[in-house]
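Only one structure is covered here, and it is reproduced in the block below.
Residue numbers (the numbering used here): 66 to 981.
In structure tokens, the structure reads:
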């Protein structure tokens, strides 16, 4: 680890490097675009500024079609020098370059990314999916009708840019020679030159024929200068001029060294894990087969779950405590699924959502191929269309069943001997919890990835001292009562006990309010508090009042007062109401409106709240909804501005409970009373601890212990979740890691809101995925990426790399936005190799054996012994080619290799190349 001052200096240098790279990219984009587009170039306008200060560039082609480019330089994983996002829906294109990219490579990388993105745009505009296999790769198979992939177009753009520089008389002779040498080396990589020795006649002839085919396929896209240089330099090395031959030989020797680094990085291992969503021939399943395939895999998942449950029961019956790596939750985080771990997942969210698909298009989520190994284009009706829900279900179930899985819930619990146990509650086929819970001892640090936390009820006070939920209010009141108890105030301990007992026994909020109102300490809770502390205590009672109104409304109108998640998970009856008010105009509210309008063709929906966030305009779902439902004389969807308070229930003229919200036009100030017979709250999320650790937290805090937290990053400063440490009064510690969508909502009781860490985390997520991508940090594809990176980091840590997982109290400085380049000064110019460097060998290691765990408060056979453990697996990253290993000492029943029959999938290949 670096010393603090060294780390600070490095971060400052990288921030300066970021500012310099962004400034240079914005400055050079004009020249690069002209070289890449050639005659298709129309005009370019740089230096335009968004309201938040970010610059963007508007590029227009010769046909008048305009696109917007957003450039930034951010931290990236080792081996990644650039990344781009194609939002063909909103015509926004985002290019990120690594802040460790040597500046001399910037324009070439920029040329590749611009060329690739424009190729994605061109095919998408014709409703054509991308070409799956690249042609311009040495050794790539050449079909009967060769086509260029978007990556190929990126490589051609590199060639065009290098030719531009090689022929630029304004550059020095050394610079022109360097560009010429780079172009010559690229001809090797692109398969545009035969490299087999002349003595190998047949191999040489095959390569010459393949090179000719590739040059013909590329001809119309190469600039005049690039085509001339390609003809001149694409000869075998022994036929080149001495200077060109010498430069090419040096490039080849450097490539050999780089390849050795890559081989060390991926461990030169054979891929054994098949890719989700592919058939037995390695072809993505056609869209019409997605639904039956998803249903087949859902059945298979139930079978695997049942076999896993029976195996665990058998171990417990034999007085053996199962010792397993434990993961609670699933979803997109299954992209990093460890096949040696026991996954306990309730099969929620996308398995229940009745909607049409996730809100991003295949173009927007095209990097799912890299991080999850799936083909999003085969799961959508077109490149600009949404990814099918059926595909998401299929992918998740295929990944979940790569190892033992239990369809169910789990909560973590401390054992008297210091071990951490998972209290597993399997689900029956009807979705209800089974009668017989199971216990599993956690081998190592368990992970929790249970998705986004619950939503807030209407009526949460805004501001810095807001209180978001009943549980937060009761925790803050309990802390205040504890302070009064320590001061010797009579009755404080008794009131604490009454509130805790009522809360944990499931009493409604009215009971809690009555308990507080009847206590002589009611006023003592606020006495002596000033400023923010006083405001927060007032807000505690405000949220309890709002929650009580919410509960009363749900009781008065069952089935017609819903949380947004109930709609998203299809836990509602569409016809219960004819006019639904949806409180909240963000993404969740819009998604809920779409579900209701699709499920009940007679329903009307009014969304009330603040103005819809601009990010919605960049997604596929929202603009389509506006077009489909808000037009005409009697639109089914209306969006109105309103400040939403606590739910307001009234009786209509027929005596039926209905609801109303006052809308005020932001311009005319005209008031309008909105009335509906159904109400959905989609006003944002609370930030509690995940439910899986709540019992553990209650026990630790109740016995005088404490809970602390830190942010988790890999060694490349990529966010991979947060960690919790539960420290008991006697010094025992239990660690739990939280990743997936849940990791983007920091629990307020561990990460105090006044410290602002949640805001800085949000800013980091927004910088990595600006709104123009049409995505967000907790989205499906970004979580797949995060989970895959975490899998790599954890495996490296288990293999002995102490720096693979870094625990921080704040986000790294290099994620903060740099100032203008003119203000950025640096004494050094970081310039590490853009290729992947050596990484720790991901060798399996055996688990640490622990004493037998005891099952808390449950009858159990005496003195169970630990069951055979499982070795630590190799991490799985699709782009690394690292295999999933099996252990012969598994206690679970063996699985067939084809899951289910006729749907075995091949492992992914690799696609090296600059900017790919």
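Note that the Cβ used here is the ideal one computed from N, Cα and C, for glycine as well. All figures in this text were calculated on a predicted structure; none of them were measured in a lab.
If you look at residue 605, you'll find it in the alpha helix (DSSP H) that goes 596-621. For the pair of segments examined, the stretch 746-763 was found not to touch the stretch 664-671: the number of CB pairs separated by less than 8 angstroms stays below three.
Residue environment for residue 768: exposed (fewer than 16 other C-beta atoms within 10 angstroms of its C-beta). As the crow flies, the alpha-carbon of residue 134 is around 22 angstroms from that of residue 827. The three-state secondary structure of residue 797, taken from DSSP, is coil. Just measuring C-alpha positions, the residue of 811, 425, 365, 441 sitting nearest residue 467 is 365. Residue 535: member of the alpha helix (DSSP H) spanning 535-551, first to last residue. Secondary structure of residue 669 (DSSP, three-state): strand. In this structure residue 739 touches residue 673 by the C-beta definition: roughly 6 angstroms separates them, less than 8 angstroms. Positions of the alpha helix (DSSP H) runs, each at least 4 residues long and wholly inside the stretch 439-495, are given as 454-465 in order along the chain. When DSSP reads this structure, residue 163 sits in a beta bridge with 139.
Straight through space, the alpha carbons of residue 688 and residue 677 are spaced by roughly 12 angstroms. The bridge partners DSSP lists for residue 746 are 628, 648.
Proximity to residue 602 across 540, 622, 655 peaks at 540, based on C-alpha coordinates. Where residue 216 is concerned, there is no enclosing beta strand (DSSP E), although the alpha helix (DSSP H) around it starts and stops at 215-231. The residue from 312, 841, 782, 176 with its alpha-carbon nearest to that of residue 809 is 841. In this structure, the alpha-carbon of residue 357 lies about 12 angstroms from that of residue 342. For residue 786, the enclosing beta strand (DSSP E) begins and ends at 784-792.
For the options 75, 790, 252, 471, the alpha carbon positioned closest to that of residue 320 is the one of 252. If you look at residue 855, you'll find it in the alpha helix (DSSP H) that goes 845-863.
Rounded to the nearest whole angstrom, the CA to CA distance from residue 787 to residue 804 is 7 angstroms. Leaving aside the five residues that flank residue 141 on each side, the residues in its chain whose CB is nearer than 6 angstroms to its CB run, in chain order, 163.
Using a 10 angstroms sphere on the CB of residue 256, the tally of other CB atoms reaches 16 or more, which defines it as buried. Using a Cβ distance threshold of 9 angstroms, residue 547 and residue 561 count as a contacting pair. A distance below 8 angstroms between beta-carbons, with the five flanking residues on each side excluded, links residue 414 to the following residues of its chain, in chain order: 396, 516, 633, 634.
Less than 9 angstroms divides the Cβ of residue 442 from the Cβ of residue 194. Put simply, the backbone Cα of residue 661 is about 12 angstroms away from that of residue 690. In its chain, beyond the 5 residues on either side, 411, 412, 472, 473, 474, 498, 499 have a beta carbon closer than 8 angstroms to the beta carbon of residue 492. Around the beta carbon of residue 239, fewer than 16 other beta carbons sit within 10 angstroms, so the residue counts as exposed. Bridge partners of residue 725 according to DSSP: 740. When DSSP reads this structure, residue 426 sits in a beta bridge with 451. In this structure, 120 is the residue among 450, 291, 120, 110 with its C-alpha nearest to the C-alpha of residue 837. Counting C-beta atoms within 10 angstroms of its own C-beta, residue 614 has 16 or more neighbours from the protein chains shown and is therefore classed as buried.
Using a C-beta cut-off of 8 angstroms, the stretch 264-277 makes no contact with the stretch 212-219, since fewer than three inter-stretch Cβ pairs fall below that distance.
Comparing alpha-carbon positions, the option among 599, 151, 227, 259 lying closest to residue 203 turns out to be 259.
Every unbroken stretch of the alpha helix (DSSP H) spanning 4 or more residues and falling wholly within the stretch 552-576 is given here in chain order: 557-569.
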